[in-house]
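In what follows, a single structure is set out as structure tokens and then discussed.
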Ligand SMILES: [Zn+2]
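Residue numbers (this note's numbering), protein chains in the order written: chain A, 528 to 762; chain B, 375 to 804.
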């Protein structure tokens, strides 16, 4: 046992300085035992990010940025103005957005990155339509299809994130989502090609997929959703 | 209010957060973790597999603690979790923010190191008294598994018994008395200065004081131990403020939690405490220690009374019961509460002293447990916090801080040494 000459408090025999004033403890009668067990552990609880986001973003940027720059340079030097390189750059840009967007946000990134991915994809497709002068397909096909897909995906992602969907309910919702998406896809394509609302092949997808979804949902008890809604809405 | 519990064990069970618990999820963050810890040093080394087994059994007896936090449309709520809570090796920086991604979503941790068992809680789950009941029951269960006979007395719960619903009840509402409105005076208080440590750091210094040495002093003055230590803290904090030579010294105020179980019989394991704020205002002149002590003594006798505490609880409840606040969506409510908290919360007090009282365990358990300790998680709001408890012959006063300097602890402990009270000091920064 030693005492701090400054503070007058008793200290453990294995400390080398006073925790209150920092003065070094020298006691020839009781030298510091370096091998003595420490009262407190040495390891720290660090906030671990299992994934190094900034390294990932840098890597993706380098790998995709290089061919982008390269194609633009070649196109401007050897071609007459920017034409084909815009497609390459656009494609690589979309890939960059998809790979990077999930890591831009600290929390609930899934929902937001789904929206960002869709917006950039739509922008890219619009660019293609504009550059290739093949008018008509963006607003009647690409926009509604991608829009529907994004909304359905968004609903499922948010429900999973909020833990409203769990276990088999996730499976059920994916089956149901595919079924609904096929119906809408079918409608959009037929409307674009035949100018009329008519469903054909999608019903063959919808019926079995809805059945799968029902089976999965029935396996989880139905009351669960009721309970969850009751909790969520409590005032 | 009746707890809203489902009969079916398989379904997620809901617990409404009580009034105190509602605040913590809103203001929590990496810089304000809202986490505190109680720990016990045994005489023998901990055997992790046995501890895990004891925890699994104990947690079943405390269903209100095995919960996850969810955000509803209007309020946060708890849902029962049937996942396993895994024990962890202890670390040098206790009371770190419990993020929802760690720990299977649990709002508590159980840690061990050599002969120590520590339990850390997010404050929404319970208060110091509930945490101590859990720790004592966990140790009793641990010792039982090692073949010792531990009686179910002194707050040690029988893990075989079904948890009675009263234990997860919100006791604030039956306690509140709405007839007398009481406005709390909100003044800006002095704040401890220092250079901030990096996020997630917490330094602790624990002073161990023999109870009888302190009692000689308190008996002489006719005051309680809490009153004496609060006065000593106020006195040293004021000394520190005056040494900084401020142009206009601010009042020193200390938040002292009061366990309402002393005033209202309940066996709830959830939050059930209020607080009082003794203080001195240097604007009235320089206070000697004796003056401070008399002031604190009378203040506590006046404030810590059932009637005033009942109205204080009612005052706190009133906000949460306001129909406009109730139907306000959570994301708006969150911002509102955060803003209010900024003004009426920590800016109105200098630091916190939480006295968990004397920890009593059955005689047979005393032979296995050397010491108990409580650590409050200090935040950047006040920089330094203090928790204390008594066990056997000693009082352990644990200061935690998020600043580099230990000048507050130094002033406080050297003051006690000057009063003739012997102190032994331990730190997590050895
Ligand atoms: Zn010292």
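Quick reminder that beta carbons are idealized off the backbone N, C-alpha and C, glycines included.
- Here residue 412 of chain B is near residue 748 of chain B, since their CB atoms are less than 7 Å apart.
- Proximity of residue 571 of chain A to chain B, defined by a Cβ-Cβ separation below 7 Å, is satisfied.
- At least one beta carbon of chain B lies nearer than 7 Å to the beta carbon of residue 566 of chain A.
- If you draw a 10 Å sphere on the C-beta of residue 710 of chain B, you find fewer than 16 other C-beta atoms in it, and that means exposed.
- Counted as a single uninterrupted DSSP element, the stretch harbouring residue 580 of chain B is not any alpha helix (DSSP H) but the beta strand (DSSP E) occupying residues 577 to 584.
- Contact of residue 712 of chain A with chain B is not assigned, every C-beta pair being separated by 7 Å or more.
- When C-beta distances to chain B are compared with 8 Å, every residue of the region 658 to 677 of chain A stays at or above that value.
- Judged by DSSP in its simplified three-state form, residue 746 of chain B adopts strand.
- Per DSSP, reduced to three states, the secondary structure at residue 648 of chain B is strand.
- For residue 728 of chain B, the secondary structure class from DSSP, reduced to helix, strand or coil, is strand.
- Residue 631 of chain B sits in a strand when the DSSP states are folded into three classes.
- DSSP places residue 492 of chain B in the uninterrupted beta strand (DSSP E) bounded by 490 to 496.
- Across the region 542 to 556 of chain A, CB contacts with chain B closer than 7 Å involve 542, 546, 547, 548, in sequence order along the chain.
- Shown in chain order are the residues whose CB sits closer than 6 Å to a heavy atom of ligand 1: A/531, A/533, A/534, A/545, A/547, A/548, A/550.
- DSSP places residue 487 of chain B inside the beta strand (DSSP E), whose first and last residues are 482 to 487.
- Rounded to the nearest whole angstrom, the C-alpha separation of residue 742 of chain A and residue 734 of chain A is 12 Å.
- Taking a beta-carbon distance threshold of 7 Å, residue 535 of chain A counts as an interface residue toward chain B.
- C-alpha of residue 719 of chain B to C-alpha of residue 797 of chain B: approximately 33 Å in a straight line.
- Look at residue 464 of chain B: its C-beta is under 7 Å from a C-beta on chain A.
- The straight-line gap separating the alpha-carbon atoms of residue 440 of chain B and residue 656 of chain A is approximately 56 Å.
- Counted as a single uninterrupted DSSP element, the alpha helix (DSSP H) harbouring residue 602 of chain A occupies residues 580 to 605.
- In the structure shown, residue 657 of chain A falls within a helical segment according to DSSP collapsed to helix, strand and coil.
- Look at residue 661 of chain B here: in three-state DSSP terms it is coil, with no helix or strand label.
- About 18 Å separates the Cβ atoms of residue 420 of chain B and residue 530 of chain B, ruling out a contact at the 8 Å cut-off.
- Secondary structure of residue 785 of chain B (DSSP, three-state): helix.
- Within chain B, no C-beta atom comes nearer than 9 Å to that of residue 631 of chain A; the closest sits roughly 18 Å away.
- Distance from the CA atom of residue 451 of chain B to the CA atom of residue 739 of chain A, rounded to whole angstroms, is 33 Å.
- Exclusion of the five residues before and after residue 729 of chain A leaves 709, 710, 713 as the residues of its chain whose Cβ lies within less than 6 Å of its Cβ.
- Identification of chain B residues near residue 684 of chain A by a Cβ-Cβ cut-off of 7 Å yields none; the smallest Cβ-Cβ distance measures about 16 Å.
- One Cα belongs to residue 409 of chain B, the other to residue 403 of chain B, and the distance between them is close to 10 Å.
- Residue pairing by DSSP puts residue 762 of chain B in a beta bridge opposite B/729, B/771.
- Under the three-state reduction of DSSP, residue 719 of chain B is assigned to coil, being neither helix nor strand.
- About 6 Å separates the Cβ atoms of residue 540 of chain B and residue 641 of chain B, confirming a contact at the 8 Å cut-off.
- Contact of residue 762 of chain A with chain B by beta-carbon distance below 7 Å involves 448, 700, 701.
- Here the C-alpha atom of residue 663 of chain A lies approximately 10 Å from the C-alpha atom of residue 669 of chain A.
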